[in-house]
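Participant: Just so we're aligned, residue 407 is where the sequence shown starts under this note's numbering, counting upward by one. Could you have a look at this structure, given as structure tokens, before my questions?
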Amino acid sequence: MEDIFKTYSSASERIQHLREKTVTIPEWEVLLKDYDPTKHDVVNDKVKLRDRQMDNGSIETSSRIYIGLEKLLVSRMVDFTFAIPVKRIYHNTDGDDEPSDKRKKIAEAIERIYKYARIDSENIKRGHAYYASCEYCTVWYTVPQKNTLYGFPCDYKLKCRTYSPMDGAKLFPLFDEYGDMVAMSFEWRQKTANDYVTYFETYTADMHVKWKQNGGDWEEVEFENGISIMPNALGKIPAIYSYRPQPVYEGLTLLRSEIEYALSRNSNIIAYNSAPIVKIVGGIEGEEHKNSGYRFFRVQNGGDVSYVSWDQGIESFKYQIEQMLRLYFMQAQMPDISAERMMSLGNIGFDARQTILMDAHLKIGEESGAWIEAFEREANVIKAFLKLMNTDYASEIDNVEIEHAITPFIQNDEKAEIQKWSAACGGKAVMSQLEAIKNLGISDNPKETLTQIQNEEIQTQAAKMASVFGGGSAE
């Protein structure tokens with residue numbers, strides 16, 4: 407980075423060298439042809455799926471059915487990874503059973519930062535970018551705003567923004583020979599009143615530089631204090647970048663294409679044979695005779711008039727489509743959890759559902775390593791910001807360790823969970839009546855509802871006692 411800024415003085419030359427990407431991933435323009443179903447080959451193929459010119463000169467368009475299996479697969483992967491939010495577990499590195507009050511407050515402040523940055527929604531956005539476009543970059547930054555959101559008075563609010571090729575951004579990470587990030591650059595466009603403005607930003611551990619494209623030239627953007635190169639007080643790059651060599655749907659394009667062409671060809675056959683065909687045996691005497699409710703032909707010499715029915719071998723076609731779909735999801739290690747397939751399973755138990763989703767859970771376990779690594783880097787960035795936002799925490803922040811746990815999606819069976827923990831308690835209750843009313847969420851005032859229930863029970867018991875001892879004479 408020092409060589410680039412010392413050797414080249416013009417913004418265009420610096421940006422040209424910062425655009426030299428040190429990782430190899432597929433271009434989004436290429437991946438988009440598979441991810442976006444409207445860009446599939448079947449949509450514009452007029453060789454294998456020819457349009458027919460009718461006798462009257464009109465054109466009968468061929469069926470061209472496209473299916474977004476790649477987009478569906480990415481959504482399923484994101485759902486299985488982040489439908490259950492990532493859980494953060496805070497540990498005390500001193501080995502004490504109970505952390506100090508300050509470390510508890512630090513953990514609460516970090517959790518509030520995640521909450522007000524809407525990290526669960528950000529994870530879903532990052533998941534789509536990572537699985538589909540193979541890369542994303544999340545940048546953390548502060549905005550001047552007095553608040554007490556994090557449990558202490560603060561002059562800044564910590565926010566994050568994710569850039570990915572899916573949003574039109576271009577990412578340019580720079581790694582050294584040991585795999586450590588030296589700089590993170592990204593190019594993005596901002597919508598203005600009349601047009602788009604293109605920006606190029608670079609973060610290093612020491613500085614932050616931002617350029618704006620004016621016509622065909624680049625010019626440095628001055629920050630609020632009037633300088634064009636902002637020192638990075640954080641001491642580390644406030645960006646989390648992750649990439650993968652191929653999208654999750656790599657190698658499955660051929661199966662999806664075969665399904666599309668098979669459905670399109672079969673649709674053409676159905677359309678062609680849908681018109682009724684009349685078979686006439688022998689000659690016809692006169693014209694068709696019509697009357698209210700019926701019509702008939704008079705034929706000669708034992709002739710006949712009848713419809714020819716078209717008998718399609720639908721079972722073989724259905725088998726072919728089902729097999730290709732099965733192979734698609736099998737190779738993707740994702741179960742077919744469509745509504746129709748789930749209904750066909752009937753009312754199965756919790757353990758059976760876990761077994762059905764075992765392949766998907768193994769796949770998420772395989773993918774979770776890269777996510778955990780990114781989350782740990784992100785936690786370190788947040789800690790660095792928190793040291794500057796509250797200097798009282800600076801000496802203790804590094805003693806708070808954060809563990810991230812990804813739980814693959816499973817439809818929980820609350821009844822089974824309650825029975826499990828009740829059995830662990832020797833058959834005793836595991837929740838108070840007030841907690842149950844709160845969790846149900848129907849009552850606006852759970853405490854008042856509990857009091858009313860208790861009063862009604864007292865009145866009921868009193869009525870029972872009166873019916874037993876209140877009437878008649880004692881013997």
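Even glycine gets a Cβ: it sits at the ideal position worked out from N, Cα and C.
Do the stretch 448-461 and the stretch 595-610 touch if we need at least three Cβ pairs shorter than 8 Å?
Facilitator: They do not touch, by the three-pair rule.
Participant: Is the stretch 415-431 close to the stretch 644-655, with three or more CB pairs under 8 Å?
Facilitator: Contact between the stretch 415-431 and the stretch 644-655 is present, because at least three Cβ pairs lie under 8 Å.
Participant: Using 8 Å as the threshold, is the stretch 621-638 in touch with the stretch 409-419, meaning 3 or more CB pairs across them?
Facilitator: A contact exists between the stretch 621-638 and the stretch 409-419.
Participant: Any contact of the stretch 627-636 with the stretch 521-531, i.e. 3+ C-beta pairs under 8 Å?
Facilitator: The stretch 627-636 vs the stretch 521-531: no contact.
Participant: Should the stretch 698-707 be called in touch with the stretch 668-680, which here means at least 3 C-beta pairs below 8 Å?
Facilitator: As far as the Cβ criterion goes, the stretch 698-707 does not touch the stretch 668-680, which means the pair count is below three.
Participant: Tell me where the alpha helix (DSSP H) around Met871 begins and ends.
Facilitator: One-based indexing of the sequence shown puts residue 871 at position 465. 852-875 is the extent of the alpha helix (DSSP H) around Met871.
Participant: Taking 7 Å as the threshold (C-beta atoms), are Ala513 and Tyr441 in contact?
Facilitator: The sequence position of residue 441 within the sequence shown is 35, counting from 1. The sequence position of residue 513 within the sequence shown is 107, counting from 1. No, the pair does not count as a contact, with Cβ atoms beyond the cut-off.
Participant: Mapping DSSP to helix, strand and coil, what is His446?
Facilitator: In the sequence shown, the residue the question calls residue 446 occupies position 40. Looking at His446 - three-state DSSP - the assignment turns out to be coil, as it is neither helix nor strand.
Participant: Quick test of the definition: if touching needs 3 or more C-beta pairs under 8 Å, does the stretch 807-814 touch the stretch 478-496?
Facilitator: Counting Cβ pairs under 8 Å, three or more are found: they touch.
Participant: Between Trp777 and Pro653, what straight-line distance do the alpha-carbon atoms span, to the nearest angstrom?
Facilitator: To locate residue 777, count along the sequence shown from 1; it is residue 371. To locate residue 653, count along the sequence shown from 1; it is residue 247. The alpha-carbon atoms of Trp777 and Pro653 are separated by roughly 15 Å.
Participant: Over what stretch of residues does the alpha helix (DSSP H) that includes Ser670 continue unbroken?
Facilitator: The residue given as residue 670 occupies position 264 in the sequence shown. Residues 659-679.
Participant: Which value, in whole angstroms, describes the spacing of the CA atoms of Asn631 and Thr548?
Facilitator: By 1-based counting over the sequence shown, the position of residue 631 is 225. By 1-based counting over the sequence shown, the position of residue 548 is 142. Each residue's Cα considered, the two are about 15 Å apart.
Participant: Short check: CB of Lys563 to CB of Asn553, under 7 Å?
Facilitator: Taking the sequence shown and counting its residues from 1, one reaches residue 563 at position 157. Taking the sequence shown and counting its residues from 1, one reaches residue 553 at position 147. Taking 7 Å as the Cβ cut-off, Lys563 and Asn553 qualify as a contacting pair.
Participant: Three-state secondary structure (DSSP) at Trp594?
Facilitator: Your numbering for residue 594 matches position 188 in the sequence shown. Strand, per DSSP.
Participant: CB-CB under 8 Å to Pro814, same chain, minus the five flanking residues each way: which ones, in chain order?
Facilitator: If you number the sequence shown from 1, residue 814 lands on position 408. Taken in chain order, the residues that qualify are Phe486, Thr487, Ile490, Leu763, Ala766, His767, Ile770, Gly771.
Participant: Between which two residues does the beta strand (DSSP E) harbouring Thr608 extend?
Facilitator: Position 202 of the sequence shown, counted from the start, is the residue given in the question as residue 608. 602-609 is the extent of the beta strand (DSSP E) around Thr608.
Participant: Runs of 3 residues minimum, wholly inside the stretch 465-504: which ones carry the beta strand (DSSP E) assignment?
Facilitator: Correct list: 493-498.
Participant: In chain order, what residues of the same chain have a beta carbon less than 6 Å from the beta carbon of Tyr472, not counting five sequence neighbours either side?
Facilitator: By 1-based counting over the sequence shown, the position of residue 472 is 66. Around Tyr472: Pro443, His446, Val448, Val449, Glu666.
Participant: So, is Leu751 buried or exposed, given that buried needs 16 or more other C-beta atoms within 10 angstroms?
Facilitator: Position 345 of the sequence shown, counting from 1, holds the residue named residue 751. That one is exposed.
Participant: Can you tell me whether Phe578 is buried or exposed? The criterion is at least 16 other CB atoms within 10 Å of its CB, across all chains shown.
Facilitator: Sequence index remark: in the sequence shown, residue 578 carries index 172 (1-based). Buried is the call here.
Participant: Straight-line CA distance for Ser879 to Glu863?
Facilitator: Position 473 of the sequence shown, counting from 1, holds the residue named residue 879. Position 457 of the sequence shown, counting from 1, holds the residue named residue 863. Confidence at Ser879 is low in this model, with a pLDDT of 46, below 50, so its placement is unreliable and the value that follows should be read with caution. Their Cα atoms are separated by approximately 28 Å.
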